[in-house]
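Residues 0 to 249 (numbering that gives the first Met the number 0) make up the sequence shown, in order. In this text, a Cβ means the ideal position worked out from N, Cα and C, and glycines have one as well. Computed from a prediction, not measured in an experiment: that's the story for all the values here.
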Amino acid sequence: MGHAFITAGTKGLGLKVTEAFIKKGHAVSITYFRDHQRAKEMLEKFPEASIEIMQADVCNKDDLTKAVKKAVERFGTIDYLINNAGPFIFERKKLMDHTDEEWNQMIRGNLDAVYYMLKLTIPAMRDQHFGRIVNYGFQSANTAAGWVSRAGFSAAKVGLVSLTKSIAYEEAENGITSNMVCPGDIVGEMKETSIKESRKIEDPNTPIGRSGTGEDIARTVMFLCEEDADMVTGTVVDVTGGLDVIHQHR
0 MGHAFITAGT KGLGLKVTEA FIKKGHAVSI TYFRDHQRAK EMLEKFPEAS
50 IEIMQADVCN KDDLTKAVKK AVERFGTIDY LINNAGPFIF ERKKLMDHTD
100 EEWNQMIRGN LDAVYYMLKL TIPAMRDQHF GRIVNYGFQS ANTAAGWVSR
150 AGFSAAKVGL VSLTKSIAYE EAENGITSNM VCPGDIVGEM KETSIKESRK
200 IEDPNTPIGR SGTGEDIART VMFLCEEDAD MVTGTVVDVT GGLDVIHQHR
C-alpha cells in the first residue's frame with residue numbers, strides 16, 4: 000500500500016481523512032501543532048496501523064523539513080500529500096485591523112507551507128512517476144471570491160488555487176495530480192462527524208438538508224487519490240451540499 004502525509008491530521012477535518020487512509024491499509028504520517036493528547040489518542044485508536052506522528056508548525060519551514068525527513072526515513076516515498084492544515088483567525092476583523100504577525104501567519108501557514116511541502120515531496124514522486132496532491136480551499140475559492148473579515152485567509156487560499164492548477168499542469172507528465180477540495184460551512188463537531196450522524200440533524204441552511212462533515216471531505220480526498228483518478232487534475236471541488244451553486248437575485 001501507499002504512504003500518506005497529512006498536515007494537521009489528528010483532529011478537525013484532517014482526522015477523518017487520516018482515518019480513511021488507515022482503513023484503506025495505507026501508512027500515514029501526520030503532523031499536529033499543540034494538541035499532543037489528540038495525537039496520542041490516534042495511536043491508541045489504531046494500535047495496529049502504521050502511523051508516524053510529528054509535532055510541527057506549518058508556518059515553520061524547518062519543522063516541515065524535519066517532519067518530511069522523519070516520515071520518509073520510516074515509510075519511504077510520500078505517495079499522497081494532503082495539505083489539510085490551514086491557520087485561521089477566528090476573530091472576525093477587517094484587514095486594517097490585522098497585525099503583521101496575523102497576516103504572516105495566514106500567508107505562511109496557508110500558502111508558503113504548501114510551497115515548501117511541494118518542494119520536499121515532488122522530486123521523489125517524479126522518480127516513481129506517481130503522486131497525488133490535495134490542497135484545501137474554502138467555498139467559492141475558485142472564483143477568487145473575497146471574504147469579508149477573512150481577507151488574509153482568503154487571499155492565501157485564492158493564491159493556493161492558482162498554485163494548485165499550475166502544479167497540476169507542470170507535473171502531469173510525471174504522473175502527479177494536484178487538486179483542491181473546498182469544504183462548505185462545516186463547523187464545530189461536524190468536522191469529526193460521520194455522514195450517518197449528520198443525516199439525523201436537519202440543517203435548513205443547506206439545500207440537501209444536512210450539514211457537511213469531515214467524512215464528506217475524506218470521501219472526496221480519497222477519490223482524488225485513486226490511481227485511476229489521474230484524469231482529474233487541476234480541479235477545484237466544492238463540497239457544499241448545494242450552497243452557492245446558483246446565482247440568486249435579491
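- Distance from residue 140 to residue 181 at the Cβ level is roughly 5 Å; contact confirmed, criterion being Cβ atoms closer than 8 Å.
- In this structure, residue 179 keeps its C-beta atom at 8 Å or more from the C-beta atom of residue 211.
- Here residue 148 is exposed, its C-beta having fewer than 16 other C-beta atoms within 10 Å.
- DSSP lists 28, 80 as the beta-bridge partner residues of residue 4.
- DSSP, reduced to helix, strand and coil, places residue 21 within a helical segment of the structure shown.
- Take the alpha-carbon of residue 229 and the one of residue 96: they are about 43 Å apart.
- With a beta-carbon spacing of about 25 Å, residue 81 and residue 101 fall beyond the 8 Å limit used to define contacts.
- Residue state for residue 148 is assigned as coil, using DSSP reduced to three classes.
- CA-to-CA, the gap between residue 78 and residue 10 works out to about 21 Å.
- By the Cβ criterion, the region 193-202 is not in contact with the region 162-180, since fewer than three pairs of Cβ atoms, one from each stretch, lie closer than 8 Å.
- Taking 8 Å as the cut-off, the Cβ atoms of residue 138 and residue 17 do not count as close.
- For the pair of segments examined, the region 0-7 was found not to touch the region 35-44: the number of CB pairs separated by less than 8 Å stays below three.
- Residue 29 and residue 50 have their alpha carbons spaced roughly 8 Å apart.
- Restricting attention to 133, 160, 27, the CA atom closest to the CA of residue 144 is found in 160.
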